[in-house]
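Only one structure is covered here, and it is reproduced in the block below.
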Amino acid sequence: MSVLVPIVPKVLAVRRLPRAAPALLLAYGADPARHVSLGIVTCDQDDPTYVALDEATKHAAVDVIFARSFYAGAAHSSGRNSGEIMGILAAENPDELEHGLRAMLRCLEHDACFYSADDAGSVTVFPHVVASLGRYLSVKSGLPEGEALAYLVAPPLEATVALDAALKAAEVRPVMIFPPPTETNFAAAWLTGSLNACQAAAEAYAETVVRVAMEPRERWNR
Amino acid sequence: MSATRERMAALKARLEASSPAPPPTPIEPVLAPPRRVFPTPKTRNRFAENAAAHTTALVGIGHVGTRYATDVILQFQAELAVAHQAVATELSESFAAQHALLPLQSRVTSHREFLLRPDLGRRLDEASLARLRSQAMKGIDVQPILADGLSATACMGSGVQLLQSFIRECEAFGLSVGTPVCARFARVWLEDEIGETVQAKVAAILLGERPGLGTGDGLSAYLVHAPKLGKTDGDRNMLSNIHTRGTRPEEAAKRLAVLARAMLEQGTSGVSLDLGKLAKELGDSGGRGYRAPQERVRLVEVPT
Chain A
1 MSVLVPIVPK VLAVRRLPRA APALLLAYGA DPARHVSLGI VTCDQDDPTY VALDEATKHA
61 AVDVIFARSF YAGAAHSSGR NSGEIMGILA AENPDELEHG LRAMLRCLEH DACFYSADDA
121 GSVTVFPHVV ASLGRYLSVK SGLPEGEALA YLVAPPLEAT VALDAALKAA EVRPVMIFPP
181 PTETNFAAAW LTGSLNACQA AAEAYAETVV RVAMEPRERW NR
Chain B
1001 MSATRERMAA LKARLEASSP APPPTPIEPV LAPPRRVFPT PKTRNRFAEN AAAHTTALVG
1061 IGHVGTRYAT DVILQFQAEL AVAHQAVATE LSESFAAQHA LLPLQSRVTS HREFLLRPDL
1121 GRRLDEASLA RLRSQAMKGI DVQPILADGL SATACMGSGV QLLQSFIREC EAFGLSVGTP
1181 VCARFARVWL EDEIGETVQA KVAAILLGER PGLGTGDGLS AYLVHAPKLG KTDGDRNMLS
1241 NIHTRGTRPE EAAKRLAVLA RAMLEQGTSG VSLDLGKLAK ELGDSGGRGY RAPQERVRLV
1301 EVPT
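Respectively, the protein sequence lines represent chains A and B.
Going by the numbering used here, the letters in the first sequence line up with residues 1 to 222, in that order.
Going by the numbering used here, the letters in the second sequence line up with residues 1001 to 1304, in that order.
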């Protein structure tokens, strides 16, 4: 059995705009007064990128002005550099942007990633625990910065069964539940609690996804 | 390594240790395999069929794709095994004594040497020569010799029966028959030295023949007039395929006696022996007309 093998996200493109046009900034939801330099990243895994963008906000004075997943995921992207998500970091100071991008790429390379949940790798799971929320995800989740967050993603049915297991496994409470389909046709949930509780919930989630992937058609006496 | 990756690695190890094998999925009832796994050829080759009716050789046996059918291959392997075993069989030393025959042996000392040295199989060893000189009848018409040849299986099978029938037939023709002997590790030409030693007019050696496919029990008989060392195959007359599916031993014994008498009458043997007058007595073995192929024994059962 070779499940729960990390599938390292591929960063497909990294581009910087040292001085973006104000109209562009406005269109992408930035504040031209504070946001001058942009760092644009595409990646073939969306949820690790959200976590990595959040990670960047913990290391540098950067804001995540834009982050959207693309429809139907990386397998149906609009081009070889598009992947599954585009995220934009913005900073007033190009040096800060540099630091933020470094932190983000480091996180994508070494930390946040999907894991295989079956031998073929056709079922994947993202049972990530953010030990301490940065500015981006804390705003998104409505939680204070520094809280622990279990960021759980899996395909729809696996996610549904596993979320039930995660909620029952530890003292966690749901922050956001994203029923399927999301843009990438997965389902997700954000749970919070103590760091230990979040970790226990994430583990229960991962294990349940693996078990469901093994036996998708439960047997019962008909 | 990140905290999440560490915890997932630990979970992976735990799951692998417990190895939660899924319950076996129920299997749909398996259909019975087709009774014949290779297709029977729809078109038949008339030439091959005609040829196959004339011979037991492997012709007109069809094919599956570029290969032989399974039953053909199995039959071939089984027949080859029969042949191998017949060659590997050794005539026991006590066989001659058990059947009240004078035991002789060629200069060969082992079965392996017998296969590798045909020249040694054509000469008698010293002890046998002395025994033959002292115990065998001399100056007779026919000297009958039973030998193992390349199939001791055949010799032990119907050899004695053929020998006794042959002696009986010869005596019925009024020929004087010498002391029946049994030679181990013998080649055909051993009859020259034996016949010469006992001063026989005709020497007849009946021995197991080199096995073909599936016939490990076939006997051959070689007759030579005025035997002496140096006679060649051109001086001999022979009858082969003496077994139940070919020429039966009783029938063969009759024909051999006819041959022996003809040799005595014409004073020669081999190519110079005129067989034209014997066509009636020799039966179809003298003719060149159609002969039905011998029956092939099925060694492998294949459901059809």
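Glycine included, each C-beta is placed from N, C-alpha and C at the ideal position.
In this text the structure is predicted, and so the values were computed from the model without any measurement.
Among the options, the one whose alpha carbon lies nearest that of residue i
i	options	result
residue 1261(B)	1124(B), 1206(B), 1141(B)	1141(B)
residue 47(A)	30(A), 218(A), 155(A), 31(A)	155(A)
residue 1103(B)	1161(B), 1271(B), 1203(B), 1180(B)	1180(B)
residue 127(A)	194(A), 100(A), 157(A), 189(A)	189(A)
residue 107(A)	164(A), 87(A), 49(A)	49(A)
residue 1158(B)	1063(B), 1252(B), 1275(B)	1252(B)
residue 1306(B)	1227(B), 1249(B), 1267(B)	This structure leaves residue 1306(B) out entirely; chain B is present only between 1001 and 1304.
residue 83(A)	14(A), 206(A), 207(A)	14(A)
residue 207(A)	197(A), 140(A), 118(A), 192(A)	118(A)
residue 54(A)	220(A), 19(A), 104(A)	104(A)
residue 1096(B)	1193(B), 1182(B), 1278(B)	1182(B)
residue 1129(B)	1013(B), 1191(B), 1246(B), 1280(B)	1191(B)
residue 125(A)	51(A), 209(A), 95(A), 148(A)	209(A)
residue 1173(B)	1091(B), 1088(B), 1256(B)	1256(B)
residue 216(A)	157(A), 179(A), 52(A)	157(A)
residue 1011(B)	6(A), 10(A), 80(A)	6(A)
residue 41(A)	60(A), 131(A), 97(A), 220(A)	97(A)
residue 1280(B)	1270(B), 1265(B), 1267(B), 1254(B)	1254(B)
residue 68(A)	37(A), 51(A), 57(A), 19(A)	51(A)
residue 1018(B)	220(A), 219(A), 211(A)	211(A)
residue 1208(B)	1234(B), 1163(B), 1272(B)	1163(B)
residue 1206(B)	1152(B), 1175(B), 1273(B)	1152(B)
residue 95(A)	219(A), 45(A), 19(A)	19(A)
residue 130(A)	71(A), 58(A), 100(A), 122(A)	58(A)
residue 1118(B)	1189(B), 1073(B), 1244(B)	1189(B)
residue 80(A)	220(A), 123(A), 136(A), 11(A)	11(A)
residue 183(A)	61(A), 147(A), 75(A)	75(A)
residue 1244(B)	1154(B), 1234(B), 1059(B)	1154(B)
residue 1196(B)	1100(B), 1093(B), 1003(B), 1230(B)	1230(B)
residue 180(A)	168(A), 63(A), 166(A), 71(A)	71(A)
residue 1247(B)	1232(B), 1282(B), 1062(B), 1277(B)	1282(B)
residue 165(A)	102(A), 198(A), 147(A), 139(A)	198(A)
residue 37(A)	43(A), 45(A), 44(A), 24(A)	24(A)
residue 27(A)	66(A), 61(A), 4(A), 116(A)	66(A)
Opposing strand residues paired with residue i [DSSP bridges]
i	result
residue 176(A)	190(A)
residue 114(A)	7(A)
residue 950(B)	Residue 950(B) is absent from the model: chain B starts at 1001 and stops at 1304.
residue 1222(B)	1205(B), 1238(B)
residue 124(A)	116(A)
residue 1212(B)	1215(B)
residue 1181(B)	1102(B), 1145(B)
residue 1067(B)	1064(B)
residue 129(A)	150(A)
residue 89(A)	39(A), 64(A)
residue 1247(B)	1242(B)
Rounded distance between the beta-carbons of residue j and residue i, thought under 8 Å
i	j	result
residue 1223(B)	residue 1210(B)	The Cβ separation is near 18 Å, so there is no contact.
residue 1212(B)	residue 1083(B)	7 Å
residue 191(A)	residue 162(A)	Not really, about 11 Å apart at Cβ, beyond 8 Å.
residue 1198(B)	residue 1138(B)	5 Å
residue 225(A)	residue 39(A)	As displayed, chain A neither begins before 1 nor continues past 222, which places residue 225(A) out of reach and without an answer.
residue 1187(B)	residue 1122(B)	5 Å
residue 92(A)	residue 34(A)	6 Å
residue 193(A)	residue 170(A)	6 Å
residue 187(A)	residue 159(A)	4 Å
The ligand MN heavy atom lying under 6 Å from the CB of residue i
i	result
residue 1272(B)	The ligand MN is absent from the structure shown, which contains no ligands of any kind.
Next on the checklist: Does the structure place the segment 1048–1055 of chain B close enough to the segment 1139–1147 of chain B that three or more beta carbon pairs sit under 8 Å?
Outcome noted: Counting Cβ pairs under 8 Å, fewer than three are found: no touch.
Next on the checklist: Contact between the segment 1073–1083 of chain B and the segment 1164–1175 of chain B is defined here as three or more beta-carbon pairs at a separation below 8 Å; is this criterion met?
Outcome noted: With a cut-off of 8 Å, the segment 1164–1175 of chain B and the segment 1073–1083 of chain B do not count as touching, because too few Cβ pairs lie within range.
Next on the checklist: I'd like the ranges of any alpha helix (DSSP H) spanning at least 4 consecutive residues and lying wholly in the segment 3–87 of chain A.
Outcome noted: Under the rule that a run must span 4 or more residues, the alpha helix (DSSP H) segments found entirely inside the segment 3–87 of chain A read 22–27, 46–59.
Next on the checklist: Counting beta carbon pairs with one atom in the segment 1200–1211 of chain B and one in the segment 1249–1264 of chain B, are three or more of them shorter than 8 Å?
Outcome noted: The segment 1249–1264 of chain B makes contact with the segment 1200–1211 of chain B, as at least three CB pairs between them are under 8 Å.
Item to check | Every unbroken beta strand (DSSP E) within the segment 1111–1178 of chain B, with a cutoff of 3 residues, ordered by chain | outcome: Whole beta strand (DSSP E) segments, 3+ residues: 1142–1149.
Checklist entry - Any contact of the segment 199–206 of chain A with the segment 1004–1021 of chain B, i.e. 3+ C-beta pairs under 8 Å? => result Flag = yes, the segment 199–206 of chain A and the segment 1004–1021 of chain B touch.
Next on the checklist: Any contact between the segment 64–84 of chain A and the segment 107–117 of chain A? By contact I mean 3 or more CB pairs, one from each, below 8 Å.
Outcome noted: Judged by pairs of C-beta atoms under 8 Å, the segment 64–84 of chain A does not touch the segment 107–117 of chain A, as fewer than three such pairs exist.
Checklist entry - Given 8 Å as the limit, is there contact between the segment 1057–1070 of chain B and the segment 1094–1109 of chain B, that is, 3 or more CB pairs closer than that? => result Using a C-beta cut-off of 8 Å, the segment 1057–1070 of chain B makes no contact with the segment 1094–1109 of chain B, since fewer than three inter-stretch Cβ pairs fall below that distance.
Checklist entry - Can you list the alpha helix (DSSP H) stretches of 4 or more residues lying completely in the segment 134–165 of chain A, in chain order? => result Runs of the alpha helix (DSSP H) inside the segment 134–165 of chain A: 135–141.
Checklist entry - With contact counted as at least three CB pairs below 8 Å, one residue from each stretch, are the segment 173–181 of chain A and the segment 127–143 of chain A in contact? => result Yes: at least three Cβ pairs fall under 8 Å.
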